[in-house]
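Numbering (the numbering used here), first residue to last: 1 to 396.
Here a beta-carbon is modelled for each residue, glycine too, at the ideal position from N, C-alpha and C.
Quick notes on the structure that follows.
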């Protein structure tokens, strides 16, 4: 049975890899029950094997061997409106499918091991035939993480867990040249780490803290290009420094069971985006410094769970993430982002004592971001992301 579980998880690897963020951001959504909570309580919930990605220490709360599978469809609505009279690209995101798989095994009551295969970081922008097609037509980063973990329960209240993240990235860039369309591809492996703690105050209240180290991909792709079709033949350098890296981050979560029906969950999180910089851009031989425009981001979320019947649990949550840009009027064309609000709702249904299914929807609305000081300047007017997810869990 254990071999079967591993085959199921690994067989989903290629599918999981397309669960990439549409704007180079590190997303919390991986197709699990957390989507219906807008991520609230993610490092403390520990109700299924998906805790591998949010807090490995939470595995000590799971009995026996567990399997959780998640499927997700993301739709992004991010129209880039040019300031000038050239042809704009329209919506640069669109649909992205994705999946995740998590398995856990109990060595004994105190020691658990697990493996997660998921993708919650990446970039996929589709500009097509627009005024800046010599700079970028299509850009795609597909990131896949293999996350082996081990968790250990220390006494009655404390648990610790962690493991390496083995990350594989594929990067593709298409653009027009005077000789036709040019395509550049590269791939890279990167290693990072995840460490989690869990403190169970009592049967009703627990807290979780998770640290994830940074991930860096080194892609051999030419980023400098001269746009011969624009006045003055401006030279651009695509800002890929932050777009191919994920920052170190901390997530603190709490879970409290109020009574037999109601539970409340919350988060506080931090991401170290200020460690990265965008590339310098030269327009008509004039240098535009953009190396100091990123800042750290902060996250907070609040959610509730309602046990409507012994079989049916309802979830809902709201979350806020600050922008990694210091100035929304000085942003990157390849990284549309801003202050973001998330609203989620979902349900889990217990089919049998061993199996359950669930579904969730989440809506994310971001602040507008403006690209200024260039011939391709314009605005992303309040980009929106929509997540549709389904999950299945089984206890062996």
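**Study point:** Own chain residues within Cβ distance below 6 angstroms of residue 50, not counting five before or after
**Key:** In the chain shown, counting from the first residue as 1, residue 50 sits at position 50. The answer, listed in chain order, is 32, 68, 102.
Review point. According to the neighbour-count rule (16 or more other Cβ atoms, all chains shown, within 10 Å of its Cβ), is residue 316 buried or exposed?
Key: Start at 1 with the first residue of the chain shown, and residue 316 comes out as number 316. Under this definition residue 316 is a buried residue.
Exercise for review: Determine the extent of the alpha helix (DSSP H) in which residue 54 is found, giving its start and end residues.
Suggested key: Taking the chain shown and counting its residues from 1, the one referred to as residue 54 is at position 54. Segment 51 to 54, the alpha helix (DSSP H) holding residue 54.
Review point. From what residue to what residue does the beta strand (DSSP E) around residue 81 run?
Key: Residue numbering aside, residue 81 sits at position 81 when the chain shown is read from its first letter. Its beta strand (DSSP E) spans residues 79 to 82.
Check your understanding: Which one of 185, 53, 80 has the shortest CA to CA distance from residue 116?
Key -> Within the chain shown, the letter at position 116 stands for residue 116. Ranking 185, 53, 80 by Cα distance to residue 116 puts 53 first.
Check your understanding: What residue from 143, 266, 330 has the CA that sits closest to residue 478's CA?
Key -> With the chain covering 1 to 396 only, the question about residue 478 has no answer from this structure.
Exercise for review: Rounded to whole angstroms, what's the CA-CA distance from residue 351 to residue 328? Just pull it up for me.
Suggested key: One-based indexing of the chain shown puts residue 351 at position 351. One-based indexing of the chain shown puts residue 328 at position 328. Distance between the alpha carbons of residue 351 and residue 328 is about 47 angstroms.
Exercise for review: Tell me whether the beta-carbon of residue 398 lies closer than 8 angstroms to the beta-carbon of residue 56.
Suggested key: With the chain represented from 1 up to 396, any question about residue 398 goes unanswered, as that position is not in the structure.
**Study point:** Terminal residues of the beta strand (DSSP E) in which residue 149 lies
**Key:** On the chain shown, position 149 is the one that residue 149 refers to. Run containing residue 149: 138 to 154, per the beta strand (DSSP E) assignment.
Practice item. Please state if the CB of residue 339 and the CB of residue 366 are separated by a distance shorter than 8 angstroms. Key: Along the chain shown, one-based indexing puts residue 366 at 366. Along the chain shown, one-based indexing puts residue 339 at 339. Contact: yes.
Exercise for review: Could you check what DSSP says for residue 114 in three-state terms: helix, strand or coil?
Suggested key: Here the question's residue 114 lines up with position 114 in the chain shown. Three-state result, residue 114: strand.
Exercise for review: Just tell me which of 269, 127, 318 has its CA closest to the CA of residue 250.
Suggested key: The sequence position of residue 250 within the chain shown is 250, counting from 1. The shortest Cα separation from residue 250 among 269, 127, 318 belongs to 269.
Exercise for review: Provide the residue span of the beta strand (DSSP E) that contains residue 183, from first to last.
Suggested key: Taking the chain shown and counting its residues from 1, one reaches residue 183 at position 183. Looking at the DSSP string, the run of the beta strand (DSSP E) that includes residue 183 is 180 to 200.
Review point. Taking the beta strand (DSSP E) that residue 97 falls in, what are its first and last residues?
Key: As a first step, residue 97 must be located in the chain shown, where it is residue number 97. Counting along the chain, the beta strand (DSSP E) containing residue 97 begins and ends at 94 to 106.
Practice item. Report the rounded CA-to-CA distance for residue 245 versus residue 215, giving the unit in angstroms. Key: For the purposes of this step, residue 245 is identified with residue 245 of the chain shown, where counting begins at 1. For the purposes of this step, residue 215 is identified with residue 215 of the chain shown, where counting begins at 1. Cα to Cα, the separation comes out at about 6 angstroms.
Practice item. Can you grab the Cα-Cα spacing for the pair residue 375 / residue 132, in whole Å? Key: As a working mapping, residue 375 is identified with position 375 in the chain shown. As a working mapping, residue 132 is identified with position 132 in the chain shown. Distance between the alpha carbons of residue 375 and residue 132: 9 angstroms.
Exercise for review: State whether the segment 164 to 182 contacts the segment 70 to 80, with contact taken as three or more CB pairs (one from each stretch) at a distance under 8 angstroms.
Suggested key: no
Check your understanding: Can you tell which of 86, 159, 96 has its C-alpha closest to the C-alpha of residue 112?
Key -> The residue labelled residue 112 in the question sits at position 112 within the chain shown. Measuring from the Cα of residue 112, the nearest candidate turns out to be 159.
Exercise for review: Ignore the nearest five residues each way along the sequence and tell me which others in residue 256's own chain have a CB closer than 7 angstroms to its CB.
Suggested key: In the chain shown, residue 256 corresponds to position 256, counting from 1. Taken in chain order, the residues that qualify are 204, 205, 263, 264.
Point to revise | Whole-angstrom distance between residue 48 and residue 147, CA atom to CA atom | key: Along the chain shown, one-based indexing puts residue 147 at 147. Along the chain shown, one-based indexing puts residue 48 at 48. So the two alpha carbons sit approximately 16 angstroms from each other.
Practice item. Could you check what DSSP says for residue 264 in three-state terms: helix, strand or coil? Key: Position 264 of the chain shown, counted from the start, is the residue given in the question as residue 264. Note: residue 264 maps to strand in three-state DSSP.
Practice item. Ignore the nearest five residues each way along the sequence and tell me which others in residue 320's own chain have a CB closer than 8 angstroms to its CB. Key: Stepping through the chain shown from its first residue, residue 320 is reached at position 320. Answer for residue 320: 299, 300, 301, 339, 340, 341, 342, listed in chain order.
**Study point:** Reduced DSSP category for residue 58 - H, G, I as helix; E, B as strand; rest coil
**Key:** In the chain shown, residue 58 corresponds to position 58, counting from 1. Three-state DSSP puts residue 58 in a helix.
Exercise for review: Within 10 angstroms of the Cβ of residue 34, are there 16 or more other Cβ atoms? Answer buried if so, exposed if not.
Suggested key: By 1-based counting over the chain shown, the position of residue 34 is 34. It is buried - the Cβ of residue 34 has at least 16 other Cβ atoms within 10 Å.
Review point. Whole-angstrom Cβ separation of residue 81 and residue 381, contact assumed at under 8 angstroms?
Key: Walking along the chain shown from the start, residue 81 turns up at place 81. Walking along the chain shown from the start, residue 381 turns up at place 381. Right, their Cβ atoms sit about 6 angstroms apart.
**Study point:** Alpha carbon of residue 79 to alpha carbon of residue 333, nearest angstrom
**Key:** As a first step, residue 79 is located in the chain shown; it is residue number 79 there, counting from the start. As a first step, residue 333 is located in the chain shown; it is residue number 333 there, counting from the start. Taking the straight line joining both Cα atoms gives about 11 angstroms.
Check your understanding: Mapping DSSP to helix, strand and coil, what is residue 362?
Key -> Here the question's residue 362 lines up with position 362 in the chain shown. Residue 362: strand per DSSP, three-state reduction.
Check your understanding: Within 10 angstroms of its Cβ, does residue 385 collect 16 or more other Cβ (buried), or is it exposed?
Key -> Counting from one through the chain shown, the residue named residue 385 turns up at place 385. So residue 385 counts as buried.
Review point. For residue 154, which residues from the same chain have a beta carbon less than 6 angstroms from its beta carbon, with the 5 sequence-adjacent residues on both sides left out?
Key: Translated into positions along the chain shown, residue 154 becomes position 154. Same-chain partners within the cutoff: there are none.
Exercise for review: Compute the Euclidean distance between the alpha carbons of residue 100 and residue 220, then round it to the nearest angstrom.
Suggested key: For the purposes of this step, residue 100 is taken as residue 100 along the chain shown, with counting starting at 1. For the purposes of this step, residue 220 is taken as residue 220 along the chain shown, with counting starting at 1. Between residue 100 and residue 220, the C-alpha separation is close to 28 angstroms.
Practice item. Ignore the nearest five residues each way along the sequence and tell me which others in residue 185's own chain have a CB closer than 6 angstroms to its CB. Key: Here residue 185 is taken as the residue at index 185 of the chain shown, counted from 1. Result list for residue 185: 172, in chain order.
Review point. Going by C-alpha distance, which of 345, 252, 322, 28 is nearest residue 43?
Key: Locating residue 43 in the chain shown gives position 43, counting from the first residue. Comparing Cα-Cα distances from residue 43 to each of 345, 252, 322, 28, the minimum goes to 252.
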